[in-house]
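Q:
In mature numbering (1 follows the signal peptide of the UniProt record, and there is no 0), the protein residues as written are -22 to -1, 1 to 288.
(1) Where does residue 283 sit, in a helix, a strand or coil, going by DSSP?
(2) Tell me the rounded alpha-carbon separation between residue 31 and residue 20.
(3) So, at 6 Å on beta carbons, what are the nonlocal neighbours of residue 248 in its own chain, with the 5 sequence-adjacent residues on each side left out?
(4) Is the CB-CB distance between residue 66 and residue 147 below 8 Å?
(5) Would you mind giving the Cβ-Cβ distance between residue 253 and residue 27, rounded to the nearest angstrom? I have them listed as a contact below 8 Å.
(6) The beta strand (DSSP E) with residue 178 in it runs from where to where?
(7) If contact is defined by three or more beta carbon pairs under 8 Å, each pair taking one atom from either stretch, is the segment 42 to 51 in contact with the segment 96 to 110?
(8) Indicate the three-state DSSP secondary structure (helix, strand or coil) for residue 234 in the structure shown.
(9) For residue 188, is the classification buried or exposed, using 16 other Cβ atoms within 10 angstroms of its Cβ as the cut-off for buried?
(10) Verify the contact flag: residue 251, CB atom, against every heavy atom of the ligand NAP, threshold strictly below 7 Å.
(11) For residue 98 and residue 242, I'd like the C-alpha separation in whole angstroms.
(12) Buried or exposed: where does residue 206 fall if 16 or more other Cβ atoms within 10 Å of its Cβ makes it buried?
(13) Would you kindly work out how many angstroms separate the C-alpha atoms of residue 134 and residue 111, rounded to a whole number?
(14) If you run the structure through DSSP and keep just helix, strand and coil, what is residue 263?
(15) Output the boundary residues of the beta strand (DSSP E) element that contains residue 96.
(16) Just tell me which of 224, 163, 9, 83 has its CA closest to the CA of residue 96.
(17) Helix, strand or coil for residue 241? Go by DSSP, reduced to three states.
(18) Using 8 Å for Cβ pairs, my map puts residue 169 next to residue 130. What's the rounded Cβ distance?
(19) For the segment 121 to 162, list the alpha helix (DSSP H) runs that are entirely contained and at least 4 residues long, ordered along the chain.
(20) Where residue -2 and residue 231 are concerned, what is the direct C-alpha to C-alpha distance, given to the nearest angstrom?
(21) Round the Cβ separation of residue 89 and residue 185 to the nearest angstrom and send it over; I've been treating them as touching at under 8 Å.
(22) Under DSSP, the beta strand (DSSP E) around residue 32 begins and ends at which residues?
(23) Could you compute how far the alpha carbon of residue 270 sits from the alpha carbon of residue 218?
(24) With a threshold of 6 Å on Cβ separation, who are the neighbours of residue 38 within its own chain once the five nearest residues in sequence on each side are excluded?
(25) By the 10 Å Cβ neighbour count, where 16 or more other Cβ atoms means buried, how is residue -7 classified, buried or exposed?
Have a look at this one:
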């Protein structure tokens, strides 16, 4: 009789725990997508991600496409975004500086071609322009992407401050005639093509075939979209040192059992539908292990920028 009673208590406890876990599991999953590129294309590139997670986790995945990087930063801090597959390192630094416990690092994207763990900020000009190096842009108009972009602002800003002095506020001691935040990488490139800027920054892996826009980056996305001859129209005149690829993030205070399933599902997406993962992250990349140490230099740089102003 005692054994039957203990069994009944055990079964009741197990059912209660399972019921509690089911109640804890969110019915909706919010996937944050950084702004700064064609919104229609970004939504399209992530539709397969939605389909995968809807089925894998029995949720309704919402694609939270922000018009700027700040929207995703605030979404993570405000618990309106649950995960990001392709986060800017500088934007991650902003989240971390505001709340070191807000997100968990799932991994870093690594290039399929040569296992590179990073990418580059580059300055582009029109191919038929006379500009061959940064100093040739003296007195010319310049475009940054977004204040929370690593390659589109943080890294080139540091270079310009060292080379020319000043900050964006005084156009680097008036080296440039104007300095504008266009809103994103695609806008920067289009700004150069249409004459809005004589030089601008964007991001690229600098790996693989130049004519196809390299293995990942803004060139690659634009060529796939509707600019097949893009690389014939631009020239790269400056390239940064390697920047660590963006981290994959999940919100740390998700229900633990659900969070573990979500992390497993992200890794499963990479392995089981790699073509979908490649579309979502914007390049031929896969997930690798990472830690906070890989982003510490970016965090320090962002903290210094925040204290010292632009």
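Every residue gets a Cβ at the ideal spot worked out from N, C-alpha and C, and that includes glycine.
A: Taking the definition as stated:
(1) helix
(2) 17 Å
(3) Excluding sequence neighbours, residue 248 sits near 255, 264, 265.
(4) Contact: no.
(5) About 11 Å; that fails the 8 Å criterion.
(6) Per DSSP, residue 178 belongs to the beta strand (DSSP E) from 177 to 182.
(7) no
(8) Residue state, collapsed to three classes: helix.
(9) exposed
(10) Because no ligand of any kind appears in the structure shown, any question about the ligand NAP cannot be addressed here.
(11) 29 Å
(12) exposed
(13) In this structure, the alpha-carbon of residue 134 lies about 14 Å from that of residue 111.
(14) strand
(15) For residue 96, the enclosing beta strand (DSSP E) has its first and last residue at 96 to 104.
(16) The shortest Cα separation from residue 96 among 224, 163, 9, 83 belongs to 224.
(17) helix
(18) Between residue 130 and residue 169 the Cβ distance is about 12 Å, and since that is not below 8 Å, they are no contact.
(19) Segments of the alpha helix (DSSP H) lying fully in the segment 121 to 162: 133 to 142, 149 to 152.
(20) Confidence in residue -2 is poor, its pLDDT being 47 and thus under 50, which makes the residue's placement unreliable; the coordinate value appears in the next sentence. Going from the Cα of residue -2 to the Cα of residue 231 covers about 15 Å.
(21) 6 Å
(22) Run containing residue 32: none in the beta strand (DSSP E); it sits in the alpha helix (DSSP H), 17 to 35.
(23) 22 Å
(24) Around residue 38: 6.
(25) The predicted position of residue -7 is uncertain, since its pLDDT is 49 and thus under 50; a value taken from the coordinates is nonetheless stated next. With fewer than 16 other Cβ atoms within 10 Å, it is exposed.
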